[in-house]
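Numbering (the numbering used here), first residue to last: 5 to 559.
We put the CB at the ideal spot given by N, CA and C, even for glycine.
Since the model is a prediction, treat every value here as computed from it, not as a measurement.
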Ligand code: TEU
Ligand code: CA
């Protein structure tokens, strides 16, 4: 039975490698997570999305899985994982695991077997003959998301295998019914152990265009292909839903590149029985062209995109996130140089997303306002950053100075620096030298310090989450942008059954005018939440202070 609990849930994302090190080897682990369960509970979140913890050679930090039914040695054991799950459930926190099934690791037993031409596992992956004389050219022009061709040649069999990410992440062949049954079995294995749902990694990639035709080159130097939302995407996900997701009171969220408000209905409406929700990336593209090249953040555009998701029928559940392990930090990304107003800016961002109709995701460190980090070439640990730098050094060294700037802004490493727990050694993340650079601003930005101050961003998140809980107007209310053309202020109203909410958030580090539209009338107003001590108790035409955020209940 589906209770659709995710409609009133806030989900906290943990990137385990960087969350907390429990055994002093410099790498975050399950023991570390267990030690922070009370902290997670104290935030008021309802569930945790845990990035992959399965066995993996870590070419892509766990997104390359070599055994779907066991835990990575560096992270601990299955018994520790069970202890963690029990600890979460005991606190009323659900667990969403990461399901990475577009590809496996090349060290997965299936792929090792698959290298043998005559094995029944050959067809678990996508093997093709090459083009050109002797087949020494890749089967098509597709490029991997991590730079370079998406095909790797295998001498022994004289064929190529497809990998849309690193060559250590061969793509599974979903056309093979056995592969699809394996995936359902894996999901059921974890459901039976008690997990509450899955975040489905690059799930729209699973069905490839028939015949694997050449794709259009759309991103200079990097390429782009036609492999999202292939012809049997819906069929495969519906089948998985029937074999697994629908049998449990679960929730699923797809990482769904290619899904947008126009085609979302056929993917997430309750009637289609596929996924319960998706992450879309259209709002992450407002300040990065092709997801790579920085451009100026445009709040008007941003609001328009979010608002389009809000207009979907109530049987489609939107999601909202500002950060994850693949994105730079939201401070100062969406709010400009905030300097000494960093926490106020974080509050304005928080208030702007926490009261729309959506399941919000909060990424570790976002709740204390962790920021991007400055990296030298050798600091980068992410395979993507490393490959970009390597390729440029080899082939386009002239572009390096520009690329270094872009990389610093865009790198996934920005979100992966260790969680800043204290102002002490290694930010309290580990007693040993952490696996990757700690952001030097940990002396100033850390949980310990945030706990001490009533007016910290951390405590604002707590207040906001507590306020949100169980409010029909937030879960189900109609959404309308207020002053959509305003380029400084993100304001909106919600309405449900006569109850109204008005949210006003200044995204700028300056004072800006706010005009209350005529159609918003009320007899009584109650200021439910704000980030200044002396905010107006009744909304009216006013001048908002730097990053001022206001939430009103109207009657
Ligand atoms: O991400 C998919 C993906 O497309 C990103 O890696 C993208 O390339 C990145 O955001 C830069 O734009 C998922 C996981 O979230 C990511 O961590 C994995 O590396 C990737 O899949 C492969 O599993
Ligand atoms: Ca460890």
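Cα-Cα separation, residue i to residue j
i	j	result
residue 45	residue 491	36 Å
residue 214	residue 347	50 Å
residue 434	residue 25	5 Å
residue 527	residue 555	16 Å
residue 120	residue 263	36 Å
residue 467	residue 371	12 Å
residue 457	residue 469	18 Å
residue 398	residue 207	33 Å
residue 55	residue 66	8 Å
residue 453	residue 426	7 Å
residue 384	residue 525	53 Å
residue 548	residue 48	29 Å
residue 116	residue 235	28 Å
residue 382	residue 389	10 Å
residue 512	residue 344	13 Å
residue 123	residue 496	58 Å
residue 352	residue 198	36 Å
residue 413	residue 386	14 Å
residue 201	residue 51	10 Å
residue 20	residue 293	29 Å
residue 484	residue 493	14 Å
residue 189	residue 68	19 Å
Contacting residues, own chain, Cβ-Cβ under 7 Å from residue i (five flanking each side not counted)
i	result
residue 87	38
residue 474	12
residue 261	206, 208, 232 and 285
Own chain partners of residue i with C-beta closer than 6 Å, once the 5 adjacent residues on each side are dropped
i	result
residue 182	none
residue 245	277 and 278
residue 330	416
residue 439	30 and 31
residue 530	557
residue 325	365
Any non-hydrogen atom of ligand 2 within 6 Å of residue i CB
i	result
residue 344	no
residue 25	yes
residue 18	no
residue 75	no
residue 90	no
residue 196	no
residue 214	no
residue 64	no
residue 33	yes
residue 50	no
residue 83	no
residue 29	yes
Per-residue burial, residue i [other beta carbons within 10 Å of its own, 16 or more giving buried]
i	result
residue 358	buried
residue 5	exposed
residue 7	exposed
residue 402	exposed
residue 223	exposed
residue 317	exposed
residue 349	buried
residue 154	buried
residue 79	buried
residue 2	Only positions 5 to 559 of the chain appear in this structure, which leaves residue 2 out of reach.
Proximity test, residue i beta-carbon vs ligand 1 heavy atom, cut-off 6 Å
i	result
residue 57	no
residue 205	yes
residue 67	yes
residue 376	no
Close Cβ partners of residue i (< 8 Å) along its chain, the five nearest in sequence each way excluded
i	result
residue 564	No answer is possible for residue 564: it lies beyond the span of the chain, which begins at 5 and ends at 559.
residue 304	488, 489, 490 and 491
residue 97	41, 44, 45, 49, 50, 51 and 52
residue 539	531, 552 and 554
residue 436	25, 28, 29, 30 and 430
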